[in-house]
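One structure is given here, and the rest of the page talks about it.
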Amino acid sequence: MTIQILETDYAGTRRSLFWLALKTSVLTVLTVGFYRFWAKTRVRRFYWSAIRPGGFPLEYTGTGVEKLMGFLVAVVFLAFYIGVLNLILMFISFSLLNDNFAAYFTSFIGIIPIYFYAQYRARRYVLARTRWRGLRFGIDAGAWGYSWRAMLHWLATILTLGFLLPRQMFCLEKFRIDRTWYGRERFTQEGNWRMLLKPATHYYVGLVLTLLAGIGGYFNELMFTLFIVSIPWLLIGWVHLQINGFKVMAQHKRLGEFVTFRANPSTWRMIQIYLVGSLLIYLLLIAVASVAIVVLIMLDQNIFSDGNFEATFGVGNDGNQPLMFAGIAFLYFTMFIFIGVLGQLFITLPSMRHYAETLFIRDSHHLGQIRQRPRDEFAEAEGFADALDIGAAI
Amino acid sequence: MSMETEAMVFADYVDGETARVRRVKVSVQPASQGSVVRIEPTEGALVDWPIDDVRRIPDQAAKDAVVYGLTGDHPARLIVKDARLNAELSAACPDLKRRHKDPNLLKRLMILSTASVASVALIVFVLVPIMADQLATMLPAEGEQALGDSSIEQIRLALDNSKATGLKDCRSTDGLAALAKMQARLSIGANLPYDIRLHVLDHKMINAFALPGGHIVLFEGLLDDAKNPLEVAGVLGHEMGHVEHRDPTRLALRSAGSVGVLGLLLGDFAGGAAVLFMTEKLIQAQYSQGAEAGSDTYAYALLAAAKLPTVPMADFFDRLHKKYGEEKGLMSHLASHPDSLGRSEAARAANTVEGDFVPILTADEWASLQAICD
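From first to last, the protein sequence lines are chains X and F. In short: position in the first sequence from 1, add 126, done, that's our numbering. In short: position in the second sequence from 1, add 473, done, that's our numbering.
Spelled out as structure tokens, the structure:
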């Protein structure tokens with residue numbers, strides 16, 4: 127049987143994304159945030175359509191209205207949960223512990239199950255609204271099951287000072303993938319968590335060095351200098367684990383019996399994208415801010431002389447104050463739009479491109495026989511995730 | 474024949490039933506042929522898309538290929554790379570950009586928004602207050618004190634304009650002695666679960682309020698404004714009534730509940746805004762009319778037990794009414810009570826002491842109290 131390798135190409139250009147991101151961000155600000163449901167939908171449509179496994183684009187079919195409605199539903203549930211929960215926690219905290227720190231702490235803890243629940247529900251909505259070659263993706267219901275598992279894995283990771291992170295990564299990925307469908311064909315995550323140990327090598331070295339520096343520092347302050355090496359090592363090791371973990375786990379994923387995957391993203395390329403992207407954004411921001419200041423000074427040479435400063439900026443002059451606030455708000459939101467759009471252009475787009483271009487599908491001519499799955503009517507969309515602002519990027 | 478084959482262009486097609494991608498011939502058929510986009514696979518039946526139903530999928534990243542679908546949620550897709558065919562389709566299909574409109578959508582959206590806003594309001598204004606009232610009566614005295622201790626620190630910080638250390642208590646020795654004497658005289662008729670802890674803060678507001686666990690705060694503005702010590706005693710008695718009835722504890726628990734919801738709506742969890750909001754609530758101390766009347770009655774009883782007249786309290790209400798009149802809720806919470814004339818009548822009616830009485834403070838003591846912040 128011949129094996130067909132489907133390459134993934136990436137078709138989105140910076141220019142077309144720039145106009146889309148700019149337009150939707152401006153609309154979001156002008157509508158005091160209400161447009162954000164549509165903005166996110168449209169930007170997502172763009173990204174999905176740019177990713178073309180085997181030359182055929184993904185399609186995102188979610189709508190802004192669905193997201194808004196989902197948000198409205200989720201806000202009611204969360205208002206109930208948070209209102210009542212905070213009250214009870216405050217009561218318990220003061221009647222048992224005579225302190226309110228515990229209340230703040232526990233109300234943070236109380237949000238965690240909802241956070242993971244929302245994460246899974248958001249994934250379910252997005253998959254249900256993603257199509258490739260005309261077929262829908264999907265994931266089985268299971269948000270609460272995911273939520274308590276995620277909490278236990280996090281607890282285990284925290285109690286072992288981070289050493290069980292690879293296990294957490296694998297087990298949660300397996301939980302998600304084993305419930306994911308393309309049409310009527312199910313995905314499977316094979317392998318076990320120990321295959322992430324090798325990608326985790328640098329993460330572990332960084333972790334051990336950081337612990338050594340922390341513990342050793344108590345006995346000899348010179349040991350603290352070890353942090354200079356250990357923390358970057360830990361951070362880069364963590365990034366490496368994320369990217370190579372993704373790679374290894376992709377190699378052990380299967381769709382149905384015969385379709386497998388190869389992913390080959392590079393840690394250095396990703397770090398490069400982030401560093402270069404952030405630097406570019408930073409430089410552009412400085413350039414724009416300098417231009418703005420120069421223009422301001424040229425417009426009004428007198429601002430800084432003979433008391434005109436006060437008149438111009440409304441200090442001590444009530445008549446100008448609303449104008450000044452409007453000006454500051456305008457600048458603030460412009461900055462906000464600017465950073466968001468640049469982030470899309472110089473970080474999100476190149477990383478998506480890199481992930482797409484290094485993804486291959488190995489198919490022994492079975493893909494074409496996979497059949498459609500029914501539409502997942504999903505009333506609440508990703509409302510919980512929106513209300514809790516999870517995964518704000520795309 | 475040769476003309477016809479030239480017009481034939483290939484494209485990729487998926488039918489939405491299987492993941493199979495077919496190479497298909499695509500042609501636009503004129504009105505005589507039914508005005509359709511004809512899709513002909515190399516094998517299998519041909520598919521006709523009515524030109525009115527053809528849609529272009531929006532916000533597509535790729536410029537080299539255009540994705541077409543059908544109106545509604547039909548999953549079939551046609552991907553055309555040929556520029557001439559794309560131009561032909563643009564010319565032939567009138568509604569390419571038209572989006573699917575659900576006629577009931579706006580109505581559903583309105584209903585959902587209204588229901589959503591109403592539910593949140595119900596939670597914040599009904600459910601949380603009811604629960605808070607219940608829980609406030611169950612909170613042990615030590616818990617209330619802890620709640621009050623943390624609140625007063627927040628209030629000191631909130632009122633200090635320099636935001637550095639927080640407003641300190643005014644504590645001139647003679648002033649404190651006068652205050653203690655006043656408190657002792659009033660406490661004859663009181664039966665509180667914990668000691669009253671009095672604070673005078675150096676602030677111009679004409680205001681006083683109670684906090685959970687027996688803290689009572691008087692502002693210097695109130696002492697300055699009062700014409701005699703009995704007016705201050707009346708206010709103090711009123712606040713002691715709030716303490717006895719646990720009104721501030723209810724308020725604190727209520728705002729703890731609504732603070733979380735507010736944070737959710739503003740995207741700020743257990744953050745600065747929450748604490749600020751709660752502090753503001755406690756200073757404003759907007760209790761119900763019933764709670765206010767209850768505290769007034771409590772104050773009259775304290776004054777009566779201390780063998781003191783309530784007429785000066787009535788004078789104080791009269792003066793507030795003259796000063797602020799219709800300006801409700803702007804200046805301070807004492808001024809904001811809607812019915813200060815009615816309260817003054819009630820205070821006069823509650824008077825039990827006619828003629829001479831032992832003054833609560835001597836003239837010297839009263840002067841020291843008014844100068845407590847100097």
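Where a beta carbon is used, it is the ideal one built from N, C-alpha and C, also for glycine.
Is N212(X) close to chain F, meaning its C-beta is less than 8 Å from at least one C-beta of that chain? yes
Could you please tell me which residues of the segment 546 to 567 of chain F, in chain order, have their CB closer than 9 Å to any CB of chain X? D546, P548, A549, R550, I552
Check the DSSP bridge columns for Q130(X) and list the partner residues they point to. D489(X)
Bridge partners of F682(F), per DSSP? V690(F)
Using a Cβ-Cβ cut-off of 8 Å, state whether A484(F) counts as contacting chain X. no
Would you say S151(X) reaches chain F, if we count a Cβ-Cβ gap shorter than 8 Å as a contact? no
Check I625(F) in the structure and name its three-state DSSP category. helix
Exposed or buried, what is Y251(X) when buried is set at 16 or more other beta-carbons lying within 10 Å of its beta-carbon? buried
Determine the burial state of D847(F): buried for a count of at least 16 other Cβ atoms within 10 Å of its Cβ, exposed for fewer. exposed
Quickly, what does DSSP pair H672(F) with across the bridge? List them, please. V690(F)
Which word fits N680(F), buried or exposed, when buried means at least 16 other C-beta atoms lie within 10 angstroms of its C-beta? buried
Is DSSP giving D606(F) helix, strand or coil here? helix
Buried or exposed by the 16-neighbour rule on C-beta atoms within 10 Å, applied to V690(F): buried
Please list the partners that A504(F) has in chain X, where partner means a Cβ-to-Cβ separation under 9 Å. The contacting residues do not exist; A504(F) stays about 29 Å from chain X at best.
Do L213(X) and L608(F) come within 8 Å of each other at the CB atom, strictly closer than that value? yes
Give the interface partners of E105(X) over in chain F, defined as CB-CB distance under 8 Å, in chain order. Residue 105(X) lies beyond the range of chain X shown here (127 to 520); nothing can be said about it.
Counting only Cβ pairs nearer than 9 Å, list the residues of chain X close to T491(F). R259, G260, L261, G309, G494, Q495, I496, R497, Q498
Quick one: which chain X residues come within Cβ less than 8 Å of P531(F)? R168, R171
Range covered by the beta strand (DSSP E) that runs through K149(X): Looking at the DSSP string, K149(X) is not in any beta strand (DSSP E); the run it does join, the alpha helix (DSSP H), is 140 to 156.
Do you know how far the Cα of R170(X) is from the Cα of F197(X)? 18 Å
Just how far apart, CA to CA, sit L649(F) and L775(F)? 21 Å
Can you find the residues in the same chain that come closer than 6 Å, C-beta to C-beta, to D741(F), ignoring five residues on each side of it along the sequence? With a pLDDT of 44 at D741(F), under the threshold of 50, the modelled position of this residue cannot be trusted, and the question is left open.
Here's a check: name, in chain order, each residue in its chain whose Cβ is nearer than 8 Å to the Cβ of L543(F), leaving out the five neighbours to either side. W522, D526, V527, R528, A549
Only counting runs of 4 or more residues, tell me where the alpha helix (DSSP H) segments fall wholly within the segment 302 to 378 of chain X, in order along the chain. 327 to 345, 353 to 377
Check whether chain X comes within 8 Å of I721(F), counting only Cβ atoms and requiring the distance to be less than that. The sequence shown places Pro at residue 721(F), not Ile. Not closer than 8 Å to any Cβ of chain X, the Cβ of P721(F) fails to qualify, so no.
If you drop the 5 nearest sequence neighbours on each side, which residues of the same chain put their C-beta closer than 6 Å to that of M375(X)? E299
Beta-carbon within less than 6 Å of L148(X)'s beta-carbon, same chain only, minus the 5 sequence neighbours each way: which residues are those? V467
Keeping to the same chain, check which residues put their C-beta closer than 6 Å to that of F692(F); ignore five residues upstream and five downstream. L674, H676, M678, N680
Roughly how far, in whole angstroms, is the beta-carbon of G363(X) from the beta-carbon of G332(X), given that I think they are within contact range, below 8 Å? 4 Å
Quick check for students: name the residue ranges of the alpha helix (DSSP H) that lie wholly in the segment 217 to 296 of chain X, counting only runs of 4 or more. 227 to 254, 269 to 285
Select from T386(X), T134(X), R262(X), L156(X) the residue whose C-alpha is nearest the C-alpha of F459(X). L156(X)
I need the boundaries of the beta strand (DSSP E) containing P523(F), first residue and last residue. 520 to 523
8 Å Cβ shell around H672(F) - same chain, five flanking residues per side excluded: I625, D642, H688, I689, V690, L691
Check whether chain F comes within 8 Å of M195(X), counting only Cβ atoms and requiring the distance to be less than that. yes
Could you check whether W307(X) and F350(X) sit closer than 8 Å to each other, using their CB atoms as the reference points? no
For E108(X), the three-state DSSP class (helix, strand or coil): With chain X covering 127 to 520 only, the question about residue 108(X) has no answer from this structure.
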